[in-house]
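Reviewing the structure listed below.
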Amino acid sequence: MSSASRFADDAAGRVDLALALSVAWTEAHSATAAQCLKQQRLETALLERLSSAEVVDGQPASRAGGRSSMRRAYAEAKAAEALASACEQELLERLARTPAISLAGIAAKLSVIAIEAEDNTDLADFPVSHVRSALEDLRRLMGGGIVDSCPASEDDREDVGGPDRCRSQRQLIQRER
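To convert, note that position 32 of the sequence shown is 31 in numbering that gives the first Met the number 0; the numbers rise steadily by one, no gaps.
Here is the structure:
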C-alpha cells in the first residue's frame, strides 16, 4: 500500500493531511522520547563518573580522556534531543492548523491530543488550540451542525442549570443508546 493511499480516507480518495501529520507526529514523539532517554542515561553516567573521580592532593585525578568523550557524547545527545523535540513541536503546530477531511483524521488529531496531554506538564495553552481545531473539523464535516448541546463557557453553564445538567443530559443520551 502506498503512503498516499494509506491516508486516503474519503470517497474521492483524497489524502487526509491531518491523518498523515498525526502519524508523522507519533513517529517524531517516539524519536524524541528515545533521544531523551539516551541523553538522560549519558547525563547519569557523566555525573557518576565525575562524582567518582579519584582525588590526589585535593584535586581530581586526570581521567580527562574518558570524561571528555563522554561530555562530547552527552552534548551530541542533548542536541539530538532538542532537534527531535523541535521537529515534534513543529508537527504538533502544523496538525492544529491542518483541517481534517475525514472522521479518521479527526480521531487521529484527538489521539495526538490525548498522548500529548498525558506527557505535557504545562497545560497552560495545550490542548485548547488542538481541541478547537478538531471541533471545527467536526462541525464542518457535519455541515455546521451542533456537536455538543451543552454550552461551552462556565458562565453559560450557570445560566442553564450548571454542569450537573450537562452531565445528566449526557447520561440520558447514553441510556437511550
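By construction, the Cβ of each residue, glycine as well, lies at the ideal position given by its N, Cα and C atoms.
Nearest residue (CA-CA) to residue i, options the options
i	options	result
residue 137	112, 116 and 103	103
residue 73	48, 92 and 96	48
residue 23	13, 93 and 98	93
residue 69	43, 80 and 105	43
residue 77	13, 119, 32 and 88	32
Contacts around residue i, its chain only, beta-carbon distance under 6 Å, and the 5 residues preceding and following it disregarded
i	result
residue 151	At residue 151, the pLDDT of 40 sits below 50, so the modelled position is not reliable; the number obtained from the coordinates is stated separately. Hits under 6 Å: none found.
residue 110	none
residue 132	95
residue 16	97
residue 154	Interpretation of residue 154 is limited by its pLDDT of 40, a score under 50 that renders its predicted location unreliable; the figure taken from the coordinates is listed afterwards. Contacts found: none.
Alpha helix (DSSP H) segment containing residue i, residue limits
i	result
residue 13	Residue 13 -> no alpha helix (DSSP H), and no H or E assigned at all.
residue 179	Lying outside 0 to 176, the shown extent of the chain, residue 179 is not represented and no answer is given.
residue 99	Per DSSP, residue 99 belongs to no alpha helix (DSSP H) and is neither H nor E.
Other residues of its chain near residue i: CB distance less than 7 Å, five sequence neighbours each side excluded
i	result
residue 130	112
residue 146	In this prediction, residue 146 has a pLDDT of 46, which is less than 50 and means its spatial position is unreliable; what the coordinates show is noted afterwards. Hits under 7 Å: 134, 137 and 138.
Cut-off 8 Å between Cβ atoms - residues of its own chain near residue i, not counting five sequence neighbours on either side
i	result
residue 87	24, 27, 28, 30 and 31
CB of residue i within 8 Å of CB of residue j, strictly
i	j	result
residue 97	residue 20	yes
residue 91	residue 115	yes
residue 75	residue 34	no
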